[in-house]
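Student:
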Amino acid sequence: MTVLSADSPPRSRKSELRPRRRRKWTGWGFVSPFLLVFLFAMVAPVGYAIYLSLFQDKLIGGNRFAGLANYTQALTDSQFWTGFGRVSLFLVVQVPVMLILALAVALAIDSARLHWAPLYRISIFLPYAVPAVVGALMWGFIYGNQFGLVAEIGGWFHTTLPNPLDNTLMLPAIGNIVTWEYIGYNMLIFYSALRVIPGELYEAAELDNASQWRIIWHIKLPALRPAIMVATVFSIIGSFQLFTEPSVLYFLNKDVIGSAYTPNWYAYSLSFNGQEYNYSATIAILMGLLTVIVAYVVQRIGQRKGA
Amino acid sequence: MTATTRTARAWRRGAAVVFAGTIAAAGLTACSSSSSGSGTTSGSSGSASDIAAALQKTSTITVWGWAPQDKDIVAAFEKKYPKVTVKLVNAGTGSTEYTKLQNAIKAGSGVPDVAQIEYYALPQFALAGSVQSLDGLGLDSLKSDYSAAVWDSVTVNGQLDALPQDTGPMALFYNKKIFDKYGLTVPTTWDQYVADAKKLHAANPNEYITADTGDPGFVTSMAWQAGGTPFKVSGTTNVTIDTADAGMAKFTKEWDQLEENGLLSNISGWTSQWFTALANGTIATLPTGAWMPGNLEDNAAAASGDWRVAPMPTYDGGTAASAESGGSSYAVMKGSSNSLVAAGFDEFMNAQDGETIFANEGGFPSLNSVLSSSSFLNQAPAYFGGQKINQVLSAAASSVLPGWSYLPFQVYANSIFPDSVGKAYEAKTDIGAAVTTWLKASATYGQQQGFTVTVK
Amino acid sequence: MAATETAAPPRAARPARPVRGAWNPNRRPKSKTLTLVMTLGLVYSLLPLFWLLVNSSKTQANLFTTNGLWFGGHFALLDNIQQTLTYNGDEFLRWFGNTMLYVVVGAGGATFLATLGGYGLAKFDFPGKRGVFALVLGAVAVPSTALAVPTFLMFSKIGLVNNPWGIIIPSLVNPFGLYLMWIFSRDAIPNELLEAARVDGAREWRIFFSITLRLLRPGMITVLLFAVVATWNNYFLPLIMLNDPKWYPLTVGLNQWNAQSQTAGSTPIFNLVLTGSLLMIVPIMIVFLVMQRYWQSGLAAGSVKQ
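So the sequence lines, in the order shown, correspond to chains Y, E and U.
Using UniProt numbering, the first residue of the first sequence is number 1, and each one after it goes up by one.
Using UniProt numbering, the first residue of the second sequence is number 1, and each one after it goes up by one.
Using UniProt numbering, the first residue of the third sequence is number 1, and each one after it goes up by one.
(1) So which residues on chain Y does E/Q159 lean against when the C-beta distance must stay under 8 Å?
(2) Smallest Cα separation from U/G253: which of U/S185, U/N234, U/W95?
(3) Pick out whichever of E/N157, E/T155, E/K250 has its Cα sitting closest to the Cα of E/D191.
(4) If you run the structure through DSSP and keep just helix, strand and coil, what is E/I241?
(5) Check whether the Cβ of U/R14 lies closer than 8 Å to any Cβ atom in chain Y.
(6) Among U/L160, U/R203, U/I286, U/G128, which residue has its Cα nearest to the Cα of U/W247?
(7) Please report the straight-line C-alpha distance between Y/M138 and U/L274, rounded to a whole angstrom.
(8) Have a look at Y/L249 and U/A188 and give me their C-alpha separation to the nearest angstrom.
(9) Who are the Cβ neighbours of Y/A281 in its own chain at under 7 Å, not counting the five residues just before and after it?
(10) Going straight from the alpha carbon of E/K79 to that of U/L137, what length do you get?
(11) At the 8 Å Cβ level, is U/A197 part of the contact set with chain Y, yes or no?
(12) On the three-state DSSP scale, how would you describe residue 354 of chain Y?
(13) Contact defined as beta carbons within less than 8 Å: I believe U/G41 pairs with Y/I124. What is the distance between those atoms, to the nearest angstrom?
(14) Does any CB atom of chain Y fall closer than 8 Å to the CB of U/E91?
(15) Could you give the C-beta distance for E/G228 and E/G247, rounded to a whole number, given that I count them as a contact under 8 Å?
(16) Using a Cβ cut-off of 7 Å, pull out every chain Y residue sitting near E/I416, in sequence order please.
(17) Using the C-alpha atoms, what's the distance from E/V114 back to U/S171?
(18) Looking only at its own chain, which residues have a Cβ that is under 7 Å from the Cβ of Y/R18, when we skip the five neighbours before and after it?
(19) CB-CB under 6 Å to E/L439, same chain, minus the five flanking residues each way: which ones, in chain order?
(20) At least one CB of chain Y closer than 8 Å to the CB of U/F64: is that the case?
(21) What is the C-beta distance between Y/G175 and Y/F90, in whole angstroms, given that I count them as a contact (C-beta under 8 Å)?
(22) For E/A310, write down the residues that DSSP places opposite it in a beta bridge.
(23) Kindly indicate if chain E contains any beta-carbon less than 8 Å away from that of Y/S239.
(24) With DSSP run on the structure shown, which of helix, strand or coil describes E/Y120?
(25) For E/Y208, which residues in chain Y fall below 7 Å Cβ to Cβ?
(26) Tell me, please, whether the CB atom of E/D113 is closer than 8 Å to any CB atom in chain U?
(27) Would you check if the distance between the CB atom of Y/V292 and the CB atom of Y/I236 is smaller than 8 Å?
(28) Can you give the Cα-Cα distance for Y/P45 and U/V228, rounded to whole angstroms?
(29) 8 Å is my cut-off, CB to CB: does E/D419 come that close to chain Y?
(30) Is the CB of E/A26 under 8 Å away from at least one CB in chain Y?
(31) CA-CA distance, Y/T195 and U/N174?
(32) Over what stretch of residues does the alpha helix (DSSP H) that includes E/F231 continue unbroken?
(33) Can you tell me whether Y/F190 is helix, strand or coil according to DSSP?
(34) Going by DSSP, name the residue or residues bridged to E/T155.
(35) Please list the terminal residues of the continuous alpha helix (DSSP H) segment that includes U/I81.
(36) Who are the Cβ neighbours of E/T454 in its own chain at under 8 Å, not counting the five residues just before and after it?
As structure tokens, then:
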């Protein structure tokens, strides 16, 4: 989302409103309902989480101020960093795969060389309508390598396929669910951006007899850059927040998911199984910080490349 | 000008309303929690006659439970005591419910009057002072109605904390059809069990003696059955964790032979695949709690007539030994504004008519009178080929070894079990070493939480 | 095909694709190879949904004993639907009602607040505006799931847990919606129009409700659709905020049904979990299909344009 700040902060672009003292506070009137709820439901919890992260509350012995002790503990907490490493790996592999596929689909649909393009657009978008929980439940059944669909597919080839939910395949299995779910959403973002490329650009290319690939490379991709940035940053946030899929698949293989598969799942286990609310808040704050940093860095890289 | 100021005022007014609402809500919570707090102190003492009197007055209590029989028990209770309304809420099963219970306790509002808590989790709530002692309410006189092992399970630090509903003395459920087909003998020792496992899997690589992907409840119960006591609690804060516990070692050594040699099916328990495997014979036995028959009948219906029940194998082939696996109690929560009625309900549910209803609807009861009733003992379900399974299970109940206790933070300890022991199952490496890692991690958590933990 | 071409967004939003004069992409030859490759993508996307439909038509006993990709055994879809709707005292319908409540109040409210705010930010200068911008963007980067636990703890202190407000209030905040409406207002509402109305002596709020709102409708619908999906799919927050199943939304309820298999003594209802999932996604798919042109015009006009 931070990527959006790369756009000029919205000041009226056309004719700047002439300064009108009498309307000075009217703007606040419009903005304050949102802002009030925003302060209450987002800023206050962040503040409260920071406050909590500075204390330690024990089952025996009660609550006491702990300074930064929770943070120093988190910095050396291998469970946390393993989870963070896992979502980072997920980010590095799944996000590019998903975005490139989405991009390819969007370009194909926009190319006008596809039969029944709207059918493809709608169909590939549909999984986005499936709530993540339902998606994970459904794929959980499909993944059964003994009596699920995976087992049947193995049966066609007279073999037993490896369990998609075992230690090595769990992360790709989750990646597949997420990809399936969000490919259409990202495709739509790219496709919408393609639709607003001015026709004159294509006309010029047509006159030059440019090939399809050259049009994609020189016209479409540059025009898609902001959309790609938005999609990337959303996907980064999404990856770091990975929770629903592991929480549903937990019941199918507790050994692999454990209590700290992803940082968010870890924060959840800590506070709701271990009553470690303070440490859990610390993990949440750290994850928030790391997300901001990574999103910011990615966005800067994107900007530099574009400039 | 006027327009702006009026709008501004309107907004301010709106904001004021929002804030007033927030404050009012906060005030209400404060009031309600303080009033229920005072109810606690007045309600925690009383006698049987106080309870009887309270049940005749108009009141409402909230009960959290997930046992499928609860609905009918509540209906029977409301019929007997028409002035009492019971709000039965299924807030989730097992640790899901504990999470919510813990949240409600933490939030100081929304705590039910009575909650279902499994034996392994009870110490956690008892030592944190979240449940009410039932001693003062005259319910301690029910002691002789239950077996000693069951009574131990609901007594923490010499204080009665809940009444037991069901128990899960372990027995060996086995698929006779598979046993006959491959010429296996019903094992009486664990060594025979391992031999059966090898024979079966060698005869048909798709068949397994049992499925086990690492379950903390199973491991602790099996250590218990082997005579182990890895956890000791004294007072409210002193905990001893014995990583060299003899019973635990006996079990892990035996089980390692199955686990490291790939003789255990890796189908996770209680999943759709697991039920399918129980129905079609992929899994040949289940060493598990006495509450299992109903689950088999309902969810592995295709295997009707195939399954039988035998006593648990032992390590020496000598005296029968069993352990509790699972099993639930119902506790009166601290903060209940009507603990007399809550206690009355608890008694009705678990020591009177409710227990009969529970047993009639497929539950495995804890009350001696129900356990030893001839109607219970002589049931011969067709699913088990007409075997009088309750005689085996009842015998198992009386052979449960005494002296076991759980950690006062067992719920958390169980939640981190997959991180160490689960990983060992996944990698087919030594369970014993992984259990030690797990016990040490649990000890660390206990220390962080302020317990005095001695690790042996 | 017609869907997009007629989807010229309503007034004030830009046309989805500007007129291209003589250059007409539809005259280009279709490619069989491309269509074939894309069909793989189509199958990937639709196969799981087809699997869900097929398996919703099976009895529990047939679920794992018949071919997973084709109808088999007794066709039990209607039975399953009936059982799903009546299981455990109509709880599915209750959860459906709750979900609708959260969607209508949460997503509706979020859209309204975002529209007001976006318009205010786009068309008025006021002290602290840049501060608002920084604050909103800064907070958005904090993972909302990570915020759920502190939100729960804070709400529990003020008595907002285990009731619908605990779900509704957080879903009223939709910063992405605010941003979309901001951009959309900036482009879709000519300043001259506002000036003219002001000269006529109209009050700001009248201008908003009688003129602005109409012009902002396409943007609002886009934001509304996003917000509807977000609240419809909301899982983590209700999971921790609610104890009592009577307030559950469908997502949490269905997962509880699924977890029922983990309970000794309860009967697993995998067939109802699947049928419930199917019933749950049908309405939102219909909304998607009916409203899809707005998604595109709104997205095109707002989020991703420079």
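C-beta atoms are modelled at their ideal positions from N, C-alpha and C, and glycine is treated no differently.
Tutor: If we stick to the structure as given:
(1) Numbered from its first residue, the second sequence carries residue 159 of chain E at position 159. None at all; the shortest Cβ gap to chain Y is about 17 Å.
(2) Within the third sequence, residue 253 of chain U is the residue found at index 253, counting from 1. Of the listed residues, the one whose Cα sits closest to U/G253 is U/W95.
(3) What you label residue 191 of chain E is simply residue 191 of the second sequence in a count that begins at 1. Looking at the Cα atoms, E/K250 is the closest of the given residues.
(4) Here the question's residue 241 of chain E lines up with position 241 in the second sequence. E/I241 falls in the strand class under three-state DSSP.
(5) Position 14 of the third sequence, counted from the first residue, corresponds to residue 14 of chain U. The pLDDT assigned to U/R14 is 41, lower than 50, so where the model puts this residue is not dependable; a value taken from the coordinates is nonetheless given after this. Chain Y, which has a Cβ nearer than 8 Å to the Cβ of U/R14, makes this yes.
(6) Here the question's residue 247 of chain U lines up with position 247 in the third sequence. Considering only alpha carbons, the answer is U/L160.
(7) Here residue 138 of chain Y is taken as the residue at index 138 of the first sequence, counted from 1. Here residue 274 of chain U is taken as the residue at index 274 of the third sequence, counted from 1. Cα-Cα distance, rounded: 7 Å.
(8) Residue numbering aside, residue 249 of chain Y sits at position 249 when the first sequence is read from its first letter. Residue numbering aside, residue 188 of chain U sits at position 188 when the third sequence is read from its first letter. Spanning the two alpha carbons is a distance of roughly 45 Å.
(9) Indexing the first sequence from 1 puts residue 281 of chain Y at position 281. So the list reads A49, L52, S53, once near-sequence residues are dropped.
(10) For the purposes of this step, residue 79 of chain E is taken as residue 79 along the second sequence, with counting starting at 1. For the purposes of this step, residue 137 of chain U is taken as residue 137 along the third sequence, with counting starting at 1. Their backbone Cα atoms lie some 58 Å apart in a straight line.
(11) Here residue 197 of chain U refers to the residue found at position 197 of the third sequence. No - not a single Cβ of chain Y is within 8 Å of the one on U/A197.
(12) Not covered by the structure: residue 354 of chain Y. The range shown for chain Y is 1 to 307.
(13) Position 41 of the third sequence, counted from the start, is the residue given in the question as residue 41 of chain U. Position 124 of the first sequence, counted from the start, is the residue given in the question as residue 124 of chain Y. Sure, about 6 Å apart at Cβ, within 8 Å.
(14) Within the third sequence, the letter at position 91 stands for residue 91 of chain U. No - not a single Cβ of chain Y is within 8 Å of the one on U/E91.
(15) By one-based count along the second sequence, residue 228 of chain E stands at place 228. By one-based count along the second sequence, residue 247 of chain E stands at place 247. Yes, E/G228 and E/G247 are in contact; Cβ-Cβ is about 2 Å, under 8 Å.
(16) What you label residue 416 of chain E is simply residue 416 of the second sequence in a count that begins at 1. Here the neighbours are S259.
(17) Counting from 1 along the third sequence, the entry for residue 171 of chain U is found at position 171. Counting from 1 along the second sequence, the entry for residue 114 of chain E is found at position 114. Answer to the nearest angstrom: the Cα atoms are 33 Å apart.
(18) The residue given as residue 18 of chain Y occupies position 18 in the first sequence. Low confidence applies here, because Y/R18 scores a pLDDT of 49, under 50, leaving its location unreliable; read the following figure in that light. Nothing meets the Cβ criterion.
(19) Counting from 1 along the second sequence, the entry for residue 439 of chain E is found at position 439. Here the set comprises I241, T243.
(20) Translated into the one-based positions of the third sequence, residue 64 of chain U becomes position 64. With its beta carbon less than 8 Å from one in chain Y, U/F64 belongs to the interface.
(21) Translated into positions along the first sequence, residue 175 of chain Y becomes position 175. Translated into positions along the first sequence, residue 90 of chain Y becomes position 90. Confirmed, about 6 Å.
(22) Sequence index remark: in the second sequence, residue 310 of chain E carries index 310 (1-based). DSSP, once it has assigned bridges, lists E/L172 as partnering E/A310.
(23) Within the first sequence, numbered from 1, the residue matching residue 239 of chain Y stands at position 239. It does not: the Cβ of Y/S239 has no partner Cβ on chain E nearer than 8 Å.
(24) Within the second sequence, numbered from 1, the residue matching residue 120 of chain E stands at position 120. Of the three classes helix, strand and coil, the one that applies to E/Y120 here is coil, per DSSP.
(25) Reading the second sequence from its first residue, position 208 is the one you call residue 208 of chain E. Residues of chain Y passing the Cβ test: none, with the nearest at roughly 11 Å.
(26) Here residue 113 of chain E is taken as the residue at index 113 of the second sequence, counted from 1. No, no contact with chain U.
(27) Here residue 292 of chain Y is taken as the residue at index 292 of the first sequence, counted from 1. Here residue 236 of chain Y is taken as the residue at index 236 of the first sequence, counted from 1. For Y/V292 and Y/I236, no; Cβs fall outside 8 Å.
(28) Residue numbering aside, residue 45 of chain Y sits at position 45 when the first sequence is read from its first letter. Residue numbering aside, residue 228 of chain U sits at position 228 when the third sequence is read from its first letter. For Y/P45 and U/V228, the distance between alpha carbons rounds to 23 Å.
(29) The count along the second sequence starts at 1 and reaches residue 419 of chain E at position 419. Output row for E/D419: interface = yes.
(30) Working through the second sequence from its first residue, we reach residue 26 of chain E at position 26. Residue confidence for E/A26 is low, a pLDDT of 35 falling below 50, so the modelled location carries little weight; the figure read from the coordinates is stated next. It does not: the Cβ of E/A26 has no partner Cβ on chain Y nearer than 8 Å.
(31) Taking the first residue of the first sequence as position 1, residue 195 of chain Y is located at position 195. Taking the first residue of the third sequence as position 1, residue 174 of chain U is located at position 174. Position check: residue 195 of chain Y holds Arg in this sequence, whereas Thr was assumed. Taken atom to atom, the span from the alpha-carbon of Y/R195 to that of U/N174 is near 26 Å.
(32) Along the second sequence, read from residue 1 onward, the residue named residue 231 of chain E stands at position 231. No alpha helix (DSSP H) contains E/F231, which is instead part of the beta strand (DSSP E) from 231-234.
(33) The residue given as residue 190 of chain Y occupies position 190 in the first sequence. Reduced to three states, the DSSP call for Y/F190 is helix.
(34) For the purposes of this step, residue 155 of chain E is taken as the residue at position 155 of the second sequence. Secondary-structure assignment with DSSP links E/T155 through a beta bridge to E/L160.
(35) Taking the first residue of the third sequence as 1, we reach residue 81 of chain U at position 81. It spans 77-101 - the alpha helix (DSSP H) in which U/I81 sits, taken as one unbroken run.
(36) Here residue 454 of chain E is taken as the residue at index 454 of the second sequence, counted from 1. N238, V239, T240, I241, listed in sequence order.
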